Every structure is written in structure tokens, then in C-alpha cells.
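Student:
Numbering (the numbering used here), first residue to last: 345 to 494.
(1) If you measure between the beta carbons of residue 457 and residue 486, is that distance less than 8 angstroms?
(2) With DSSP run on the structure shown, which of helix, strand or coil describes residue 492?
(3) So, using beta-carbon positions, are residue 438 and residue 482 closer together than 8 angstroms?
(4) Can you tell which of 383, 462 and 374 has its C-alpha closest to the C-alpha of residue 492?
(5) Please state the DSSP three-state secondary structure of residue 453.
(6) For residue 432, does the three-state DSSP call read helix, strand or coil?
(7) Nearest to residue 453 by CA position, among 399, 401 and 411, is which residue?
Below, the structure is given as C-alpha cells:
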């Protein structure tokens, strides 16, 4: 049995789950930047890509579901054209992170999106994050070139 299947079975129990904003922020906004230093955004981007390879998803709906299951927030596709996808992410955790004075990154989510789209479309993809402080959401733009097959 693959690692992702074992994790899926354990995580998808029927019991309701909650996530502590404090616990999440403690790890994500304090501990990881302390350990990773100035390379935090880049390492988180590649960590997101790694997670996507461990949890390959067949379509956009499953990616949206994964974001909800991982407590990353509510992901929505805003626009799609032949070489680009725009997503919007909203979550109470984003509100908390944006209101804090600390520098915040959404590169884990960006890397995850890049790798999922790369796997689904079989082309090299990159994601750019665009935090929107006033509306407490994050926009992601995933770009690819159909000539850059993997």
C-alpha cells in the first residue's frame, strides 16, 4: 500500500476535526522560518511540490478537496486559459496570518499547485502567489508552456 493511501485512510476518518490556529501558526510562522532562515519561501515551495508528488490528484476538484482536507483553506478556480490558471484561496488562517505583523508566505500552497498542474497537464508549471491583504485572501497564478513537456 502506498504511503499516500495509508495517510488518506488515517486522515479521512468520519470524526469531525478542528485545527488550532495557534498550533498551526507556531509551526508555520515561527518554527519553520527559524529553522529554514532566509531560504524559507524557496524551501516551502519545493516542499509543496514534494507533497504533491506524494499525493498526486487526478483533477482540479480533488486539488480543491485536498486544500480543504489539509486545512489550507477554500480554494477556487477564478480563471483558466490555454497557458494559465488563476486560483483564489480564503481561510480564517489567512486572515490571522495577514493581520499579524510577521512576514508570511504561501509558497507551500504555491509549490503544491505547481506540481499538481504539472502532473495533470504533463508540462512544466510554475505558480506565483499574490497575497491580497485588504480582502484577506491569496491569489495564485499557475503558468505553463504546452511545449515544455515533462
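All C-beta atoms, glycine included, are put in the ideal place defined by N, C-alpha and C.
Bear in mind the structure is a predicted one, so any value in this text is a computation, not a measurement.
Tutor: Quick answer:
(1) Within the chain shown, residue 457 is the residue found at index 113, counting from 1. Within the chain shown, residue 486 is the residue found at index 142, counting from 1. Their beta carbons are under 8 angstroms apart, which means residue 457 touches residue 486 by this criterion.
(2) The residue labelled residue 492 in the question sits at position 148 within the chain shown. It is a strand residue.
(3) Position 94 of the chain shown, counted from the start, is the residue given in the question as residue 438. Position 138 of the chain shown, counted from the start, is the residue given in the question as residue 482. Yes, these two residues count as a Cβ contact at 8 angstroms.
(4) Your numbering for residue 492 matches position 148 in the chain shown. It is 462.
(5) Translated into the one-based positions of the chain shown, residue 453 becomes position 109. Residue 453 falls in the helix class under three-state DSSP.
(6) As a first step, residue 432 is located in the chain shown; it is residue number 88 there, counting from the start. Strand, per DSSP.
(7) For this step, residue 453 is matched to residue 109 along the chain shown. For the residues 399, 401 and 411, the minimum Cα distance to residue 453 belongs to 411.
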